[in-house]
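Residue numbers (the working numbering), protein chains in the order written: chain A, 40 to 330; chain B, 161 to 578; chain C, 102 to 402; chain D, 301 to 666. Even for Gly, the Cβ is constructed at its ideal location relative to N, Cα and C. Please read the structure below before turning to the comments.
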Amino acid sequence: MFKWLEKNLPKVVLAPAVGLISWFVYGFILWTLYISFTNSKILPKYELWGFGQYTKLWASRKWLIAVDNLLIFTALFLIFCIVIGIILAIFLDQKIRAEGVLRTIYLYPMALSFIVTGTAWKWILNPTLGLQKLFIDMGFENFTFDWLVNREMAIYTIVIAGVWQSAGFIMALFLAGLRSIEDEIVKAAKIDGANLFTVYWKILIPMMRPVFFTSFVVLVHISIKSYDLIVALTQGGPGISTTMPALYMTQTAFHKSQVGLSAASAMMMFMAVAAVIIPYLYSELRRENVS
Amino acid sequence: MKKILIALIVFALAPNFSLAGPKIEVLHWWTSGGEAAALKVLKDDFAANGGEWMDMPVTGGGGDAANVTLKARIVSGDPPSASQIKGPTIQEYDQEGVVAPYNIDAVAQAEGWDNLLDPMIAAVHKCQNNSGPYCAAPVNIHRIDWLWANKSVFDSNGISVPTTWDELNAAAEKLKAAGIIPFAHGGQAWQDATVFEAVALGIGGNNYYKNCYVKLDENCLRSDTTVKVFDQMRKLQSYTDEGSPGRDWNVATGMVIEGKAGFQIMGDWAKGEFTAAGKTPGVDYYCASTPSNNGYLYNVDSFIFYKTNDPDKQAGQKLLAKLMMGKNFQKVFNLYKGSIPARLDVPMDEFDSCAKTSNADIKTAGAKGGLVPSFAHGMAQGNTMKAALQDVITEHFNSSMSSKDAANALADSVLANM
Amino acid sequence: MSANISATSYKQLEQKSKLKNMLLRWFLYFVLILFASYFIFPLYVMIVTSLKTMPEIRQGNLITWPSQLNFKPWAVAWGGRGYGAGDTFLRPYFWNSIKMVVPAVVASTFIGAMTGYVLTKWRFKGDSWIFLFLLFGCFIPFQAILLPMARTLGVLGISNSILGLVVVHTVYGIPFTTLFFRNYYVSIPNELIKAARIDGAGFFKIFFKILLPISAPIIVVTVIWQFTQIWNDFLFGSTFSFGEAAPIQVALNNMVLSSTSVKEYNVDMASAIIAGFPTLIVYVLAGKYFIRGLTSGAVKG
Amino acid sequence: MITLKVQDLSKNFGSTEVLKKINLEIEEGNFLVLLGPSGCGKSTLLNIIAGLETIDEGTVFIDDYNVSEVEPKDRNIAMVFQSYALYPSMNVKENMVFGLKQSKTSKEKIEEQLKKVSSFLHVDELLNRKPSQLSGGQRQRVAIGRALVREPRIFLFDEPLSNLDAKLRVEMRREIKKLHQTLKTTVVYVTHDQTEAMSLGTNIAIMNHGVIQQYDTPENIYNKPNNTFVADFIGSPSMNLINGQLAKEANNVSFIPEGSNQSGKVSLNNYNFVKSPQESGNDIYFGIRPEHIHYKKTNDTDFEVNLRADLKEYVGHEQIITFNYYSQEILGKFPSTVKIETGQEMKLFFDLSQISVFDKKTNKRI
């Protein structure tokens, strides 16, 4: 017995984490899967009902809008966070005066929840209260910035606020990545006559692969879960134009008494996430094991 | 390290001590201003009767956040003693078996609630398809179809309170020409729906409203009348300002109070904002019903009482139900809240003119068949159908969707969720 | 690359590069400050608003400095108005949050460190799959699992308790803490472990005496991350706790999102800043160590 | 022609002085080795020559032009790093031509250079591999190749061999030597390894605490160390520095080992003093390398002494013996074929033509 324990101690230590995640993640996914096949309304019911919720889901305009929005949001959110993050990290890496202050400024939004900053953002983006009014008051009479209340553009304001919250963290990741690179590489490039742009673009950024990986994981996770952001800024409006899956899921389950339908939407989310994330995670892990 | 960990766990596990006696845990979202003050009256009453009140406020989204908490509590097998639930949703919870055995029915029978409430209102609070024992208690009756207007704005533009939708449109055009935002509106789904149901009742009439939004008749929903209702919605939308989408309702009310905007269509809780700003009805502002043929959209706030095996909590439920329907609470609470008492025998002399109008109108409406439940506030339909209607209404209001398409979309959405 | 560059051309090169460097630096600072203003703007608006009186907020625009500093909103947000009903203020909830955050951060960090340790230093067949299995937990939208979670907590008898929240936050912290520690420990040479084993140290001794003492950088990163996530959580807090036991974010929400009241934006903003204060302080004070910790391995894939 | 000149160069990092008034000159085609223990400032000096570090005081000239403020890429130099600093995301070919591409060299020229250098260094087969797929020696070749293709005026090497294993190190050392012989390009080479320095350099600058201790040919460094630091640093085992006093009687100058009571007097009459000593009784070090202590007489001037062998270290072709010399430990180095028993006295001969004498106070050669 003791011998067995000694031999398997690492696995035994791993067991609580694996056990907890098995139940709290995978167990719950299975539960959700089951519920998605029932006709649960206001509360979960356990009689099987079939694939009805899925047909209903994909017939729902709101869900289709939510999926579209998620794709738009995730793509823009990823691109902007990473681009801004990289730019800020590179610039901060140039022996900047007051680096500490600037870094803190870029990083602090990560510390605040959107319940806190949502109101401020709502003001800033609102045409009759915020930036637009500010510029008009300053004499720029034709200045318009009404994305928040524009059905077509509102999703982009969510990107603006989302990027605001997360780009600093990506900056931190890249800055850390840059700092952990041997400076001999930079010296070699300098002697080779590469200018700053070339040094970063051709040499350092290609070396940041692991950072891209971490950023991807962090950002996709934020984007899939983005709920507070939407509730604080638009509550899915104007109309239903900024609905996102997490909001849809919450609303259908809790405010619209369609627990079954919500479970179906959750399953679609899980599957989409799995389809995107697992191959990526897997290929990255394999690369790592090979090298 | 380990010792700290253990200490922390023990610390987190430390139980909350409490004494025996009537006990109640109430889930609600009345946390501010008048509502909270009103609720305090109830809490104090409850304490005076030896009870222990465990407050459980969760605000946000007009009860949306509270809904999450409620369901989590029910699923966890430990529902609160009472929560703010109203209309057909009461029946839905009953059908899930979380309300029986109707602990408060005995109180209702002893107090004679059947005689104290309008039969229609009473039925809402009876479980087993509105005809069984009481399982919920009403606290008030809100009227939804109110028009709130800034008197000085109306006066200085030569506008009197409109009695038809055409008059209202004309007034709005006048204000627009004068450079004032005619219609103060918050573009959130529930607010869009609030306006919509007032328009539907006014333009379509009482029977149209009942057919379409109570009975959910498909032909009615696809009818030309619905198209006309959507046309009027489109007009109203053109009277809003560009900052409207996403705006909170009370911000919109503030615009009327400050004279930035002409009028707002909102339930009678808007009065609280006027009162808080020190304004008097008839002097500073108008409160009038939106144009309709003796219509009255009602919305009753009530508390549902869940199944519990704890005798202390059962005692608490009974005590709370009794106090909630008490004459004093019904009066004080509604003075604060802007609504009128659900209980019929509460004297109205302390209420203001708006509440008095409401109290008189509800009787006329009842007699003339215009007393209809609000669907936007979950009185006519359960949450699923409410959402199905709301989604189409808000999408139409915030896009360039044609009225005809909207009417069909409305019918389709209803059918899809039948 | 000719070998004979004349003196004048060296001189020209020198001046050209000096000018170029100067322009580049100006551009650098310009961009950095531009972004800094984008990042600081909302906080500035919040602070300014929290110091204004309500009439001033209604009349002015959002960036003007208050004509007179008004600290009353801060007092109200923290300590209330002094009358009974509907007087939600933050002071009592602060402690609730601490009671929830501290054990959850400690527990999730500890578990993450252990799993990270096993996954890198006691490798076995399929350990990559286990890691993948744990990591996928990052991507669960929490709204989707509230109901089964409620049931689980109910069965365990810890729904509506701080302990329940501690458990929830610990569990959903594990994927992230594991990710951090695993990536850190990967960069620590295996020889260290081998040496310790030859010296007779066992599984736990190696962890506690060898690895943990050199884990400070990654512990800082993990603690900051977890502290922020848990402190800022509203969803679990509002779902699995209530009333006087609620964490500060729920109280803040109750203050800011009250359904019917005259909005006191200055108090709202002051409360928002107060509720965000601990995390803000953590970032300001520990930000340096955060970057250092990340540098020391958290970002290595 | 002087290819590189460093004049009065100083450099501080914060309050620590890393380089103090360094002066150096190197003739075209020479191989300069900067040798010293870690932290002596040799790498900083190299970086300053490369233009990778700024100068606090002083000037750097390349071909008589002041390049102190010139960008590294315009200094006409190439550098090989300790970690090789190959760009991990590029393959060997891309790594090697990167610099040429930056200077907008024509495609034909690039191809030509690449071909020449890669065949010269035998890396033609590796051109499409990534650095991570190369062995240490291969990486080293590529790093050198990257420097070679640019045909610079000066090659800078920053401890290029220290990441290699012993065998490979010797091999690569020889290759670098060959390379220098073939190309005749000026080289500045930083190392902490004296064997490397001795075998490669035409000139060696020994540095310590930011100061050049001696700048000379390898032979002079070995035979005539300027001070005790150099004497001690060069040679393995290091030079024996025996405590004692200087004695002068009439025209005879001699060394009296500490604790010998005049009896062990060693004549210094044949020693080439920097400046003839004037007085007696000064504390001095008598320096003699272990390899200059013989087991049989080779010179008439050899000093004969009987000493007890305390310790024997066998290292293959030779053995290192520790002797007790008036209670001071001194080492001698002998072929392994000589039979020596520990604990026994044996007759030894100090080769007085090879000694160094240092003042104990200043540590300088006298």
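Going by C-alpha positions, residue 217 of chain C is about 15 angstroms away from residue 321 of chain C. Contact note: residue 143 of chain C reaches chain A through 148, 156, 159, 160, 163, 203, using a C-beta cutoff of 8 angstroms and chain order. In the three-state DSSP reduction, residue 658 of chain D falls in the strand class (E or B). Short of 8 angstroms from the beta carbon of residue 592 of chain D, and not among the five residues preceding or following it, lie these beta carbons of its own chain, in chain order: 650, 651, 654, 655. One finds 402 in chain D with Cβ atoms closer than 8 angstroms to the Cβ of residue 237 of chain A, taken in chain order. Put simply, the region 247-257 of chain A does not touch the region 275-290 of chain A. Fewer than three CB pairs are less than 8 angstroms apart. At least 9 angstroms separates the beta-carbon of residue 299 of chain B from that of residue 465 of chain B. Under the Cβ distance rule, residue 123 of chain C does not count among the residues neighbouring chain B, no pair being separated by less than 9 angstroms. Straight through space, the alpha carbons of residue 202 of chain C and residue 204 of chain A are spaced by roughly 22 angstroms. Under the criterion of beta carbons closer than 8 angstroms, residue 308 of chain A and residue 276 of chain C do not qualify as touching, at roughly 17 angstroms. Not flagged as an interface residue toward chain A: residue 521 of chain B, since no C-beta distance is shorter than 9 angstroms. Ranking A:197, A:195, A:271, A:166 by CA distance to the CA of residue 182 of chain A puts A:166 first.
Nearest Cα to residue 46 of chain A within the set C:224, C:150, C:195, C:368: C:224. A straight line joining the alpha-carbon of residue 178 of chain A with that of residue 146 of chain C spans about 21 angstroms.
Leaving aside the five residues that flank residue 515 of chain B on each side, the residues in its chain whose CB is nearer than 6 angstroms to its CB run, in chain order, 500.
For the region 331-362 of chain B, the full-length beta strand (DSSP E) segments reaching 3 residues or more read 341-343 along the chain. Listed in chain order, the alpha helix (DSSP H) elements of length 4 or more contained wholly in the region 342-387 of chain D are 342-350.
Residue-level contact by beta carbon holds for residue 233 of chain B and chain C, with a gap shorter than 9 angstroms. Residue 326 of chain C counts as buried, since no fewer than 16 other beta carbons sit within 10 angstroms of its beta carbon. Under DSSP, residue 242 of chain A takes part in no beta bridge, so it has no partner.
Across the structure, residue 379 of chain B and residue 553 of chain B are spaced so that their CA atoms are roughly 18 angstroms apart. By the beta-carbon neighbour count (other beta carbons within 10 angstroms, threshold 16), residue 550 of chain D is exposed.
Distance from the Cα of residue 366 of chain D is smallest, within the candidate group D:382, D:611, D:320, D:303, for D:303. Contact annotation: residue 265 of chain C and residue 215 of chain B have beta-carbon atoms that are not nearer than 9 angstroms. Residue 224 of chain A reaches chain D at 381, 383, 385, 386, 387, 388, counting residues in chain order whose Cβ is nearer than 9 angstroms. Looking at D:610, D:530, D:424, D:333, the one whose alpha-carbon comes closest to that of residue 454 of chain D is D:333. Per DSSP, the beta-bridge partners of residue 487 of chain D are D:331, D:455.
In the DSSP assignment, residue 583 of chain D falls within the unbroken beta strand (DSSP E) covering 583-588. Look at the beta carbons and you see the region 295-306 of chain A touching the region 63-75 of chain A: at least three pairs across the two are nearer than 8 angstroms. Within the region 181-205 of chain A, the residues whose Cβ lies closer than 8 angstroms to any Cβ of chain B are, in chain order, 185, 187, 188, 190, 193. In the structure shown, the three-state DSSP call for residue 301 of chain D is coil.
Cβ-Cβ separation between residue 263 of chain A and residue 101 of chain A: approximately 18 angstroms, too far for a contact (criterion under 8 angstroms). Take residue 448 of chain B, set aside five residues on each side of it, and the residues of its chain with a beta-carbon closer than 6 angstroms to its own are 307, 321, in chain order. In terms of beta-carbon proximity, residue 323 of chain C stays away from the interface with chain B, with every pair separated by 9 angstroms or more.
Among the residues of the region 206-220 of chain B, those with a Cβ less than 7 angstroms away from any Cβ of chain C are 214, 215, 216, 217, 218, 219, 220, in the order of the chain. For residue 245 of chain B, there is no enclosing beta strand (DSSP E), since its DSSP letter is neither H nor E.
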